[in-house]
Amino acid sequence: MADQQPTAQGARGPAPEAEIDEQGWAWVDGQVVPLAEASISLAAHGLNYGTGCFEGIRGYWQEAHQELYALKVLEHYQRFSRSARLLRIELPAGPEQMAESTCALLRRLDVHQDVYIRPLAIKASRTIKVGLRPLRDLVAVYTTPLGDYVPLAGLAAQVSSWRRIPDNAIPSRAKTTGSYVNASLALDQAKSDGYDEAILLDQGGHVAEASAANLFMVRSGRLITPPVSADILEGITRQMVIDLALAFGIPCAERQVDRTELYMADELFLTGTGVQVAAVTSVDRRPVGDGAVGPLTSRLQEQFFKAVRGLDQDRRDWLTPVYGALKP
Ligand SMILES: Cc1ncc(COP(=O)(O)O)c(C=O)c1O
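Just so we're aligned, residue 88 is where the sequence shown starts under the working numbering, counting upward by one.
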């Protein structure tokens with residue numbers, strides 16, 4: 088698939104539907120191996136039962152600084168550790184060391200473009216018995232260039248008839264591979280019905296999140312987002328946006344959100360490593376606000392992209408410079 092046209096602000100690279108090029112290298116159980124040889128058995132437990140967890144991390148290339156900035160890489164590995172713990176997977180190293188190994192991999196690959204990093208930990212034993220132990224684990228990290236995951240300037244969303252998986256079935260708080268069946272069913276329904284994105288309600292009928300992104304609403308100048316107890320993934324981008332809003336003096340409430348509030352919101356947007364900050368301009372074919380990207384969404388989008396490209400001095404701590412010290 089051809090490279091996406093870069094949007095004014097977003098990531099530059101292939102579309103997320105593109106097959107990942109297997110040239111290059113992956114980090115597998117502490118060794119750097121050719122990606123094409125980093126394979127797993129058809130009989131692997133994780134492949135058969137979804138017993139694995141993963142992360143998605145973006146690195147943004149800044150031409151003016153000749154630097155690749157890995158975004159919140161430590162926070163992603165901290166969440167990776169928590170997800171692994173739930174699945175009784177023992178990671179070979181702590182978050183700091185995995186973050187450093189990832190930067191070393193990016194340097195070895197000589198990445199000079201926007202990139203997506205995928206840490207993956209799965210049960211690799213070739214066994215039939217369901218459960219979590221005793222099973223052999225495999226931990227890997229691979230990378231691929233990636234453009235915008237969705238268009239940033241106006242998604243048509245559908246409230247899905249698929250409900251978000253509840254915490255006491257498959258916890259959303261952990262980023263487990265098997266739980267993405269839920270997201271895939273919802274997105275498939277949305278796409279089949281002519282929408283761009285799905286919004287999932289929780290078991291109680293309140294708004295949880297989108298297929299692979301957290302959701303924010305603007306009402307009367309205030310930001311509102313479902314709380315971490317609403318069967319959402321505790322999004323790292325979500326927290327970045329909350330921090331940005333608070334720095335701008337914009338109040339942000341984490342509270343239960345009713346479905347009908349989506350129809351009455353002034354603005355709606357999604358946040359996530361993949362989607363970045365993407366506006367939702369209609370829900371169930373009803374325009375959000377006046378149907379255009381709202382002013383607060385635009386402002387947060389703009390500041391987010393400045394920060395991830397190393398152009399916001401106050402948010403340099405979001406970034407790990409892969410090639411060296413932070414440059415002005
Ligand atoms: C289900 C789901 N919710 C939310 C998010 C957003 O999380 P983050 O901002 O940490 O990428 C993702 C992420 O990628 C996701 O898959």
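Just so you know, even glycine gets a beta-carbon here, dropped at the ideal spot from N, CA and C.
Residue i burial status per 10 Å Cβ neighbour count (16 or more: buried)
| i | result |
| --- | --- |
| E390 | Contrary to the premise, residue 390 reads as Gln rather than Glu in this sequence. By the neighbour-count rule (16 or more Cβ atoms within 10 Å), Q390 is buried. |
| M351 | exposed |
| R166 | buried |
| S168 | buried |
| M88 | Confidence in M88 is poor, its pLDDT being 39 and thus under 50, which makes the residue's placement unreliable; the coordinate value appears in the next sentence. Flag for M88 reads exposed. |
| L331 | buried |
| L333 | exposed |
CB of residue i within 8 angstroms of CB of residue j, strictly
| i | j | result |
| --- | --- | --- |
| L122 | E109 | yes |
| I155 | L193 | Per the sequence shown, the amino acid found at residue 155 is Leu instead of Ile. Against a cut-off of 8 angstroms, the Cβ pair of L193 and L155 comes out as a contact. |
| V328 | G146 | no |
| A131 | R213 | yes |
| A297 | L207 | no |
| A98 | D197 | no |
| A157 | T347 | no |
| D280 | Q245 | yes |
| V237 | D283 | yes |
| L383 | V367 | no |
| T231 | I107 | yes |
| H163 | I323 | yes |
| R205 | W112 | no |
Min CB distance residue i to chain B below 8 angstroms
| i | result |
| --- | --- |
| R175 | Checking the listed chains, one finds no chain B in this structure; it contains a single protein chain. |
Beta-carbon proximity list for residue i, same chain, < 6 angstroms, skipping 5 on both sides
| i | result |
| --- | --- |
| N269 | I252 |
| A340 | I311 |
| P258 | none |
| F392 | Q96 |
| A42 | No information on residue 42 is available, as it lies outside the stretch 88 to 415 that the chain covers here. |
N-terminal and C-terminal residue of the alpha helix (DSSP H) that residue i is part of
| i | result |
| --- | --- |
| L222 | Counting along the chain, L222 falls outside any alpha helix (DSSP H), and DSSP gives it neither H nor E. |
| Q388 | 382-395 |
Run of the beta strand (DSSP E) containing residue i, from where it starts to where it stops
| i | result |
| --- | --- |
| L288 | 284-288 |
| R145 | 144-149 |
| L398 | Taken as a continuous stretch (DSSP letters only), L398 belongs to no beta strand (DSSP E), as it is neither H nor E. |
| G139 | 139-141 |
Same chain, Cβ closer than 8 angstroms to residue i, five either side skipped, listed in chain order
| i | result |
| --- | --- |
| D116 | P179, L225, V226, A227 |
Cβ-heavy atom distance, residue i to ligand 2, below 7 angstroms
| i | result |
| --- | --- |
| E154 | No copy of ligand 2 occurs in the structure displayed; its ligands are ligand 1 alone. |
Cβ-based neighbour list, residue i, same chain, cut-off 7 angstroms, excluding 5 preceding and 5 following
| i | result |
| --- | --- |
| L222 | H132, K210, S212, T214 |
| G359 | A299, A300, N301, G322, T324 |
| W148 | L155, H199, Q200, D201 |
message = Quick check on the DSSP output: what are the complete beta strand (DSSP E) runs of length 3 or more inside the stretch 294-370, in order along the chain?
response = Within the stretch 294-370, the complete beta strand (DSSP E) segments at least 3 residues long are 294-297, 301-306, 309-312, 339-341, 354-359, 363-370, listed from N- to C-terminus.
request  = Ignoring anything shorter than 3 residues or poking outside the stretch 154-210, list the beta strand (DSSP E) runs there in chain order.
outcome  = Counting only runs of 3 or more, we get 154-158, 202-210.
Contained beta strand (DSSP E) runs [length at least 3] in the stretch 226-285, N- to C-terminal order = The qualifying runs are 240-250.
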